[in-house]
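Residue numbering for the sequence shown follows the numbering used here, beginning at 3 and increasing consecutively.
Every residue, glycine too, gets a C-beta built ideally from N, C-alpha and C.
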Amino acid sequence: MLLGFYSTVYGEASDERVARLQVEAPVREGMAAHHVVGVCGALISEYYLVHEIEEVTHESCLENRSADSGFTFFRIGPLERFWLAVRGLSAARAGRLIMGGR
3 MLLGFYSTVY
13 GEASDERVAR
23 LQVEAPVREG
33 MAAHHVVGVC
43 GALISEYYLV
53 HEIEEVTHES
63 CLENRSADSG
73 FTFFRIGPLE
83 RFWLAVRGLS
93 AARAGRLIMG
103 GR
């Protein structure tokens with residue numbers, strides 16, 4: 003069974019592009035802390051996409067930066083796998099893909 007997830011990451015950035023690039027390290031650290039294993043294969047490979055960026059106060063960022071927000075998981079069925087693969091390719095072409103599987 004494949005699962006996807008949502009997670010909240012706090013950080014400070016000068017603009018949206020920089021904020022997107024800062025997501026990788028905290029997500030990977032959270033995955034390791036919670037023993038979440040990524041999939042990397044010929045047909046299916048993990049990728050991470052920043053869905054939404056919100057500006058928050060500096061105080062809120064400092065308060066929540068080191069907090070572990072955990073993950074909200076959802077199942078990925080056979081049909082969804084195809085659409086998520088297409089979405090990953092599309093995001094990569096548009097420069098919105100954060101990283102691929104390793």
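For the pair aspartate 70 and glutamate 48, the Cα-to-Cα distance works out to about 21 Å. Under the DSSP assignment, phenylalanine 84 falls in the alpha helix (DSSP H) whose first and last residues are 80 to 96. By the criterion of at least three beta-carbon pairs nearer than 8 Å, the stretch 24 to 36 is not in contact with the stretch 84 to 94. Beta-bridge partners assigned by DSSP to leucine 4: Ile78. In the three-state reduction of the DSSP assignment, serine 71 falls in the coil class, being assigned neither a helical nor a strand state.
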